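Numbers -19 to -1, 1 to 233, taken from mature numbering (1 follows the signal peptide of the UniProt record, and there is no 0), label the letters of the sequence shown in order.
Data first, discussion second: the structure below is written as structure tokens.
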Amino acid sequence: MRWLLALVLVVGLTGCASSGPGVPDGGVARLTVQVLGTMPHDPAAFTQGFEIDGASLWEGTGLRGRSQLRETDPTTGAVRRAVDLPPGQFGEGITVTPDRIWQLTWQDGVVYERDPATLAVRRTLPLDREGWGICDTPTDLVTSDGSSTLVFRDPVTFAPRRTVDTGVTRLNELECTGNTIWANVWQTDEIVGIDPATGRVTSVVDASALRPAETRGDPDAVLNGIAAIPGTDEFLVTGKRWPVTYKVAFAS
Ligand code: DDQ
Ligand code: CA
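Structure below.
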């Protein structure tokens, strides 16, 4: 009996040590971040969405009474324009397509479609689950809701088309690139790379080196914000209330 207990313990501990928070181990590339540069980030911004489109870096922020959509300068981080959400609502992920900007709310049951020229709300559509992250591929919008599921949606009607299960819970801010969906895992220093066809996690990026010293006492000041730099393999990465945005490459 004692022998059996010891065996169970060893197997259990080995399993924990090799897999981290919910990330399966088979064939997963372990990557780190190589820092290529930094720029200021508004430490009051509770970053929930982060995406480059054209000459702008777009940011969605959260917290009730503080939620905004912001257009910023991708080289300086300076805010060019900002619009507020209704004060009772909690903003989440954003994504920009040629014709529209989408902005999720966390638990307010709506998603906003905005006019990219004026940033005004064009449509307010119902959202039947929590809103966390969103990104867009050439064919779909992809949303996360804090679970391990990603929902692929029609890019005009927002209607769900299919889902994949990634096996990793707490998927938060998203970034769609080529054939990978990158996702911040909430309250960790990890970004996972997901195959959009199968939902399988193909890479795990350890971004713990980025966490700014200023945020150490703030449990909500987590890594959250991945924006691919078009035409490169590089990303801008920040976090909620972080005073800095990093330009990084993911390296093995
Ligand atoms: N979510 O973004 C992960 C979906 C929700 C984050 C909620 C964090 C609440 C923080 C409240 C802080 C109050 C000062
Ligand atoms: Ca993003």
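Note that the Cβ used here is the ideal one computed from N, Cα and C, for glycine as well.
Note that this is a predicted model, so its numbers are computed, not measured.
Glu215 is not a Cβ neighbour of Ala232, given a cutoff of 8 Å. Relative to the non-hydrogen atoms of ligand 2, the Cβ of Phe27 never comes closer than 7 Å to any of them.
Annotated as proximal: Ile75 and Leu50, with beta-carbon spacing under 8 Å.
The beta carbons of Glu111 and Trp87 sit closer together than 8 Å. Of the other Cβ atoms in all chains shown, 16 or more fall within 10 Å of the Cβ of Leu66; this residue is therefore buried. Annotation note: the segment 103 to 153 contains the following uninterrupted beta strand (DSSP E) runs of length 3 or greater, listed N- to C-terminal: 115 to 117, 122 to 125, 130 to 134 and 141 to 146.
With contacts defined by Cβ atoms closer than 8 Å, Asp109 and Pro136 do not form a contacting pair. Taking a contact as a CB-CB distance under 8 Å, the pair Thr183 and Arg222 does not count as one, their CB atoms being some 30 Å apart. Under DSSP, Phe31 takes part in a beta bridge, and its partners are Glu40. Residue state for Thr196 is assigned as helix, using DSSP reduced to three classes. Per DSSP, reduced to three states, the secondary structure at Leu66 is coil, with no helix or strand assignment.
Spanning the alpha carbons of Gly127 and Arg103 requires a straight line of approximately 26 Å. The criterion of a C-beta distance shorter than 8 Å is satisfied by Met20 and Thr57.
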